[in-house]
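Participant: Note that the sequence shown covers residues 725 to 832 in this note's numbering.
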Amino acid sequence: MGAGEGQLNIVPCSISEARAFVTAHHRHHPAPVGGLWAHGVAEGEEMIGVAIVGRPVARHLDDGWTVEVTRVAVLDGHPNACSMLYGAAWRTARCKGYRRAITYTLQS
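1. Report the residue from Ala766, Ala748, Arg779, Val746 whose alpha carbon sits nearest the alpha carbon of Pro803.
2. In the DSSP assignment, what residue or residues form a beta bridge with Met771?
3. Since Ala762 and Val793 are thought to touch, with beta carbons under 8 Å apart, how far apart are those beta carbons, to the nearest angstrom?
4. What are the boundary residues of the beta strand (DSSP E) that Arg743 is part of?
5. Buried or exposed for Arg818, please, with buried defined as at least 16 other CB atoms from any protein chain shown within 10 angstroms of its CB.
6. Give the range of the beta strand (DSSP E) segment to which His732 is assigned.
7. Determine the DSSP secondary structure at Arg779, reduced to helix, strand or coil.
8. What are the boundary residues of the beta strand (DSSP E) that Thr790 is part of?
9. Is it buried or exposed for Leu830, if we count other Cβ within 10 angstroms and need 16 for buried?
10. Using a beta-carbon distance below 8 Å, is Val796 in contact with chain B?
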């Protein structure tokens, strides 16, 4: 393996880049319209996943202190990438002063 291959790293990602990745790779849903911020995860130089974080979709959860991970998309074969993205989303939310982060996962 060359330098950086096999190692996953959180990388900067714009919301428009994340939306394009979700459109190309998400199994169930289209990309959300917007978001507050996005993160990517890369293996070496290749982007293998993204997370988009925004305000909660449910109005009663949108209290100003809560964010929602509205979409995560990861290429097959990278079992730890989702956890890395969720962790990065929570760490960033805490640094920005949010008190709670929520997300939903399909059981299927």
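For every residue, glycine included, the Cβ atom is placed at its ideal position computed from N, Cα and C.
Facilitator: Quick answer:
1. Ranking Ala766, Ala748, Arg779, Val746 by Cα distance to Pro803 puts Ala766 first.
2. Per DSSP, the beta bridge partners of Met771 are Ala766.
3. Not quite, the Cβ-Cβ distance comes to about 10 Å (not below 8 Å), so this is no contact.
4. Per DSSP, Arg743 lies in no beta strand (DSSP E) segment; the continuous alpha helix (DSSP H) that holds it begins and ends at 739-749.
5. Looking at its Cβ environment, which holds fewer than 16 other Cβ atoms inside 10 Å, Arg818 is exposed.
6. Checking the sequence shown, residue 732 turns out to be Leu, not His. Segment 732-736, the beta strand (DSSP E) holding Leu732.
7. DSSP places Arg779 in coil when its eight states are reduced to three.
8. Counting along the chain, the unbroken beta strand (DSSP E) around Thr790 starts and ends at 790-798.
9. Leu830 should be labelled exposed.
10. Checking the listed chains, one finds no chain B in this structure; it contains a single protein chain.
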